[in-house]
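Numbered by my numbering, the letters in the sequence shown go through residues 22 to 322 in order. Each residue gets a CB set at the ideal place from its N, CA and C atoms; glycine is no exception. Treat the numbers as computed from the prediction; the structure is a model and nothing was measured. This report concerns only the one structure given below.
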Amino acid sequence: MAGLKELRGRIAAIKSTEKITSAMKMVAASRLRRAQDILIKSEKYRSSIYDTISRIKIAMQKESSDQIELKPTFLCQEKEKQERYLLVVLTSDKGLCGSYNNSIGKVALNRLHELLSQGKDVKVITLGRRGYNIFRRHNQQYIFRNDESVVNKGVEYSEAIALAEEITSMFKKDEIDVCEVVYSRFKSALSRDVKSEQILPFDLKKVMTDATDMHNDSGYDFEPGYDALLETLVPMAFREYIFDIMINSQASEQGARMASMDNATRNAGDMINKLTMRYNRLRQGAITTELTEIIAGAEAI
22 MAGLKELRGR IAAIKSTEKI TSAMKMVAAS RLRRAQDILI KSEKYRSSIY DTISRIKIAM
82 QKESSDQIEL KPTFLCQEKE KQERYLLVVL TSDKGLCGSY NNSIGKVALN RLHELLSQGK
142 DVKVITLGRR GYNIFRRHNQ QYIFRNDESV VNKGVEYSEA IALAEEITSM FKKDEIDVCE
202 VVYSRFKSAL SRDVKSEQIL PFDLKKVMTD ATDMHNDSGY DFEPGYDALL ETLVPMAFRE
262 YIFDIMINSQ ASEQGARMAS MDNATRNAGD MINKLTMRYN RLRQGAITTE LTEIIAGAEA
322 I
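What follows is the structure, given as structure tokens:
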């Protein structure tokens with residue numbers, strides 16, 4: 022009977038765990054839908070900025086016989102020497118999301134070692150405790166700043182502005198020459214790509230839209246002028262680009278957590294079924310043994 026008591030305890034414990042993982046799965050699914058909604062809603066604003074920059078380039082090309090490369094602000098200008106790198110790593114504060122953090126950490130560490138092998142001076146900003154823990158073990162000296170995950174309570178646009186201003190300030194003060202960000206690009210709830218992407222100097226080709234339908238534009242007047250407009254639009258595009266990265270990071274994390282908790286819930290259900298069958302067999306065996314003893318005792322009398 023001791024075996025039966027132990028099995029009852031294990032089944033009860035696993036059922037309790039199953040309830041927790043199921044609840045975490047539903048929370049992650051809710052947060053994932055919220056992040057997807059933000060991605061969809063922000064697309065129109067983001068496209069409007071990118072389209073306007075593309076139209077300005079076409080308008081400038083029409084007035085010039087040469088192909089014009091847009092480098093209107095210091096954000097787009099490459100430094101003479103690219104020796105000082107800033108690596109921004111976006112991970113989560115909590116675990117229970119499968120290989121999400123380890124995948125990002127692996128890419129970030131590989132990029133760090135690659136830059137160090139080239140003789141570069143590297144600073145690392147970790148946004149997320151899991152990323153900080155990965156770097157703290159053997160690369161503590163390269164950590165410039167660490168903070169909680171930007172997706173901890175849901176990404177807000179103000180957070181993207183704050184991060185963009187911090188990076189821009191370091192770039193403007195010649196504290197860094199290049200900035201790269203390591204994050205997870207959302208594809209679907211079950212699929213994501215971990216990327217190491219350069220964001221400074223800002224490559225405008227990343228935000229240029231398909232302008233084939235814009236060559237016949239007519240009636241557009243740009244005031245106060247191309248240069249003045251781009252001085253305003255490019256920083257806006259840069260902030261929006263960082264916001265897009267943050268939202269993709271949030272959606273990827275919640276998608277990974279939802280899938281992980283779904284697997285945990287199903288595994289818990291399978292374990293409960295197996296333990297229940299084992300419990301029933303032991304119980305049936307104990308009952309059969311007792312009946313056999315009773316019958317044997319009655320025949321002896």
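query: Alpha carbon of E252 to alpha carbon of T94, nearest angstrom; result: 6 Å
query: Span of the alpha helix (DSSP H) around Y121; result: Y121 to S138
query: Whole-Å CB distance - Y163 paired with L133, under 8 Å assumed; result: 7 Å
query: Terminal residues of the alpha helix (DSSP H) in which F192 lies; result: Y178 to K193
query: R206 - partner residues in DSSP beta bridges; result: D214
query: Reference F259, options G306, L117, A277 and A181, closest by Cα; result: A181
query: Contact set for V176: own chain, Cβ-Cβ below 6 Å, skip 5 residues either direction; result: M267, I268 and Q271
query: Cβ pair S281, S205 closer than 9 Å; result: no
query: Closest Cα partner of D58 within the set D265, I197, L108 and V202; result: D265
query: Beta-bridge pairing of C200 - partner residues as DSSP gives them; result: L107 and L221
query: Paired residues, beta bridge with V143 - DSSP; result: Y106
query: Beta-carbon proximity of M279 to K46, cut-off 9 Å; result: yes
query: Whether V323 touches V110 by CB criterion (9 Å); result: The question about residue 323 has no answer, for the chain in this structure spans 22 to 322.
query: Cα-Cα separation between F207 and E218, rounded to whole angstroms; result: 14 Å
query: Cβ-based burial, R151 [other Cβ within 10 Å; buried from 16]; result: buried
query: Bridge-paired residues (DSSP) for D114; result: DSSP output for D114 lists no bridge partner at all.
query: Exposure of N301, with buried meaning 16 or more beta-carbon neighbours within 10 Å; result: exposed
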